[in-house]
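See structure below.
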Amino acid sequence: MGNSDSSPPPDANNVLVHSFQLDADADFCSLPICCPGKQAMFHKPKNFSSHLSNFIPYQEGAKMIEDINKILLETAFPNRQCNPFFILCMLLSILSVGLSSSNLYSGESNSILPSMGFLMLGLFLPYVIYFGLMIYKKSARKSGLLTFVRE
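When we follow the numbering used here, the leftmost residue of the sequence shown carries the number 12, and every step to the right adds one.
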């Protein structure tokens, strides 16, 4: 009887004081190592409302927004489905297939195993590096933001 999905009432101490709008727009090619471009960020307001000023001074709030924006910039990774770095991985895979197949069909019997190994390595290594870097940046962003919130 009753609603099985009911949850306890929210804690009275957990009250949202203010929220800032995230500008999630990012450039097509956005990797801080070689071309950071425009990243997701919070815009610093010109001033705080009187309600928010009771909880946090403007200078402290502006510093907080700058610190969060720094974390977002340092941990950025292209989030579009077809970005230049993924296309580069595809090209490296295709190139490795071409190089390996030329060695396979050259007629040398003792070069089949090394060229097969190079083929498998060339096919998968670019993607392993790409997705490994993506997972690393995602976890670095999450841990950086959680560390910032805990401080």
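Don't be surprised by glycine CBs; every beta carbon is placed ideally from N, CA and C.
Being a predicted model, the structure only gives us computed values, none of them experimental.
Three or more beta-carbon pairs separated by less than 8 Å link the region 137 to 145 to the region 97 to 105, which places the two stretches in contact. Pairing LEU156 with ILE82 gives a Cβ-Cβ distance under 8 Å. In the DSSP assignment, MET52 forms a beta bridge with ASP34. For THR158, the three-state secondary structure derived from DSSP is helix. Across the set SER107, PRO68, GLY128 and THR86, the C-alpha of THR86 shows the shortest separation from the C-alpha of SER150. Assignment of LYS148 by DSSP, reduced to helix, strand and coil, places it in the helix class. In the DSSP assignment, LYS74 falls within the unbroken alpha helix (DSSP H) covering 69 to 85. Separation of the CB atoms of PHE53 and ILE76 is rounded to 5 Å, and the pair is thereby assigned contact status at 8 Å.
Within the model, the alpha-carbon separation for PHE59 versus LYS74 is close to 13 Å. For the pair SER107 and PHE129, the Cα-to-Cα distance works out to about 7 Å.
For CYS100, the three-state secondary structure derived from DSSP is helix.
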